[in-house]
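Residue numbers (the numbering used here): 18 to 205. By construction, the Cβ of each residue, glycine as well, lies at the ideal position given by its N, Cα and C atoms. Structure first, then comments.
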């Protein structure tokens with residue numbers, strides 16, 4: 018796959034994902050505050066969790082972006098791009114709700130410390146951070162730095178894959194919010 022096409026696809030997926038997230042902020046408070054029967058998170062808590070997780074992923078994405086740009090000064094980008102393969106199928110598993118077992122770290126658990134407006138603002142700032150990273154890595158530099166991702170045994174993934182992971186993680190929880198809303202409507 019052409020790197021320019023890949024970057025465009027990631028940008029589009031991010032934009033669609035965050036637009037879908039945006040819809041949930043406008044849902045009725047009763048829907049957003051509904052606690053599902055399985056004792057899972059409310060939609061408000063899920064939104065907060067997406068923001069928390071994205072915050073920690075973006076720390077790695079920002080560091081990775083800088084390291085990839087530094088590596089581009091001393092590595093042959095054109096040669097690296099010849100053999101590059103984006104592991105889309107493996108990353109798409111992250112976006113499927115309940116597709117694998119994962120115990121999230123405690124610091125990614127929602128605590129209700131931010132208002133809904135603050136969470137919304139945080140998420141859309143995070144979208145912009147991702148888009149800025151992609152702009153900085155517009156020539157393919159993002160493949161030049163990898164870091165380990167333990168979730169679902171992904172192993173070493175590059176900066177583009179981390180950004181795609183962030184969006185897939187959000188997709189996973191969009192499904193969870195949809196399930197909450199369906200259950201809420203059924204019990205009404």
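query, result
"Can you find the residues in the same chain that come closer than 7 Å, C-beta to C-beta, to residue 77, ignoring five residues on each side of it along the sequence?", "164 and 179"
"Can you tell me whether residue 190 is buried or exposed? The criterion is at least 16 other CB atoms within 10 Å of its CB, across all chains shown.", "buried"
"Taking the alpha carbon of residue 147 as the reference point, which residue from 203, 51, 34 and 194 has its own alpha carbon closest?", "34"
"Please specify which runs of the alpha helix (DSSP H), each continuous and at least 4 residues long, are wholly inside the segment 109 to 158, giving them in chain order.", "133 to 153"
"Starting from residue 194, trace the alpha helix (DSSP H) in both directions and tell me its first and last residue.", "176 to 204"
"Report, in whole angstroms, the separation of the C-beta atoms of residue 150 and residue 168, which I expect to be a contact under 8 Å.", "With a Cβ gap of about 19 Å, residue 150 and residue 168 do not count as contacting."
"Can you have a look at residue 145 and say buried or exposed, based on whether 16 or more other CB atoms are within 10 angstroms of its CB?", "exposed"
"Could you tell me the alpha carbon to alpha carbon distance between residue 59 and residue 21, rounded to whole angstroms?", "38 Å"
"So for residue 34, helix, strand or coil by DSSP?", "helix"
"Starting from residue 163 and walking both ways along the alpha helix (DSSP H), at which residues does that stretch end?", "Premise fails: residue 163 lies in the beta strand (DSSP E), 163 to 166, not in any alpha helix (DSSP H)."
"Name the residue from 104, 113 and 31 whose alpha carbon lies nearest to the alpha carbon of residue 71.", "31"
"Throw me the rounded Cβ distance for the residue 101 and residue 197 pair, which I believe falls under 8 Å.", "In fact, because the Cβ distance is near 39 Å, the residues do not count as touching under 8 Å."
"Which residues in the same chain as residue 67 place their Cβ atom closer than 6 Å to its Cβ, once the five residues preceding and following it in sequence are excluded?", "187 and 190"
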